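Working notes, beginning with the structure itself.
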Amino acid sequence: MHDIWNPWHGCVKKSEGCDHCYMYFLDRKRGKNGADIYRTDKGFTYPLARDQQGRYKIQSGEMIRVCMTSDFFLEAADAWRDEAWSIMRARSDVIFMLLTKRPERVAEHLPRDWGEGWENIFFNVTCENQRRADERLPLLLELPFKHKGFMAAPFIGPVSAAAYLATGQIEQVICGGENYDGARPCHFEWVQALRQECVQTGTRFCFIETGTRFVKDGRGYHLPNKRLQSEMAWRAQMDVVGRPIHYDLRDPLGWPVAEADRYQPHFGPACTHCASRLICNGCSGCKQCLFEKEK
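Add 6 to the 1-based position in the sequence shown for my numbering, that's all there is to it.
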């Protein structure tokens, strides 16, 4: 996918949301061990890659999800993180979305020139249930980031975040059910309740997928296909646009990147019923959807 940057791979399980980790599952299918942590040398400098005309492959204004097969603040990655920060500093015209289950480690591992935060960093914590929300959201609110959000994914227990959302610091909430081996059920009433709290505070909300096991109106559904999960979430019409989120992006010379000069996502036919459109970089033109349709 064109919106993911994995400078390292592999992780150490941290909390109950990790019990059935999708990365461990997919690595196991490939005969690998998800607990093996290594720097992805070929992909480490992906945000700096250029095309044959010398232009950056990642365009100004794109949002890139970081460490989707690891944790950016993983202890084993301490030796590589400064270089990753330097790449994000160099691409101050690109938005980098960080997600962690380790907010207690963050303050000690920010760049020296961090100040009150960089405009191109969107920092998120995982809140898979109420216990982890009450553990991680207070830390999220204390940390110096210009843009903050949280993900209830895998959504394995109800989460009430009203008091945290009321501070106005949290700009976005994403939720989605669990997938693959040993998936635990996601209940629609949890989604509805969290969405309502976002409505009341004007916070962006996106329900991206039901997960493999979904419970609605007391009835359980088995949905092993991720595209179907996304379509079912889209049909639920849970999105809340919320307050506008503005990023003061700068080019390498420090000049502001005007809205008109920023990447504008485009969506193909397969995107029509996708629940992630609100937060997505759009279609990459890989044509994989056509291949899957033919199958």
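Cβ atoms here follow ideal geometry from the backbone N, Cα and C, with glycine treated the same way. Bear in mind the structure is a predicted one, so any value in this text is a computation, not a measurement.
| Check | Outcome |
| --- | --- |
| Residues bridged to HIS303 (per DSSP) | A query on residue 303 cannot be resolved here, the shown segment of the chain reaching from 7 to 301 and no further. |
| Sub-7 Å separation of PHE156 and ASN185 beta-carbons | no |
| Classification of ALA264 by the beta-carbon crowding that lies within 10 angstroms, buried from 16 upward | exposed |
| Environment of TRP240 [buried if 16+ CB atoms lie within 10 Å] | buried |
| N-terminal and C-terminal residue of the alpha helix (DSSP H) that CYS204 is part of | 194-207 |
| Through-space distance from VAL246 to THR267, alpha-carbon basis | Reading off the sequence shown, one finds Asp at residue 267, where the question assumed Thr. Their Cα atoms are separated by approximately 26 Å. |
| Beta-carbon proximity of PHE79 to THR106, cut-off 7 Å | yes |
| First and last residue of the uninterrupted alpha helix (DSSP H) at PHE31 | 28-35 |
| Beta-carbon proximity of ASP33 to GLY40, cut-off 7 Å | yes |
| Nonlocal neighbours in the same chain, by C-beta distance under 6 Å from GLY208, ignoring five residues either side | GLY248, ARG249 |
| C-alpha gap between ILE64 and ILE10, whole angstroms | 11 Å |
| Start and end residues, alpha helix (DSSP H) containing ILE93 | 84-96 |
| Given PHE151 as reference, the closest of TRP124, PRO144, VAL18, PRO275 once Cα atoms are compared | TRP124 |
| Residue environment, LYS154, which counts as buried when at least 16 other CB atoms sit within 10 Å | buried |
| Which of helix, strand or coil DSSP assigns to CYS133 | coil |
| Classification of ALA167 by the beta-carbon crowding that lies within 10 angstroms, buried from 16 upward | buried |
| Contact belief for PRO53 with ARG97 at Cβ below 8 Å, rounded distance in angstroms | 5 Å |
| Start and end residues, alpha helix (DSSP H) containing MET244 | Counting along the chain, MET244 falls outside any alpha helix (DSSP H), and DSSP gives it neither H nor E. |
| Of the listed residues GLN59, SER21, PRO191, ILE101, nearest to ARG256 (C-alpha basis) | ILE101 |
| The stretch 59-76 touching the stretch 222-236, judged by at least three CB pairs closer than 8 Å | no |
| Cβ-based burial, GLY16 [other Cβ within 10 Å; buried from 16] | buried |
| Cβ distance (whole Å) where LEU146 is taken to contact PRO109 below 8 Å | 6 Å |
| Buried/exposed call for LEU171, threshold 16 Cβ in 10 Å | buried |
| Spatial distance of ASP138 from TRP196 (CA atoms) | What sits at residue 138 in the sequence shown is Arg, not Asp. When rounded, the distance between both Cα atoms is 15 Å. |
| C-beta atoms of MET103 and ARG71 nearer than 7 Å | yes |
| Span of the beta strand (DSSP E) around TYR227 | 225-228 |
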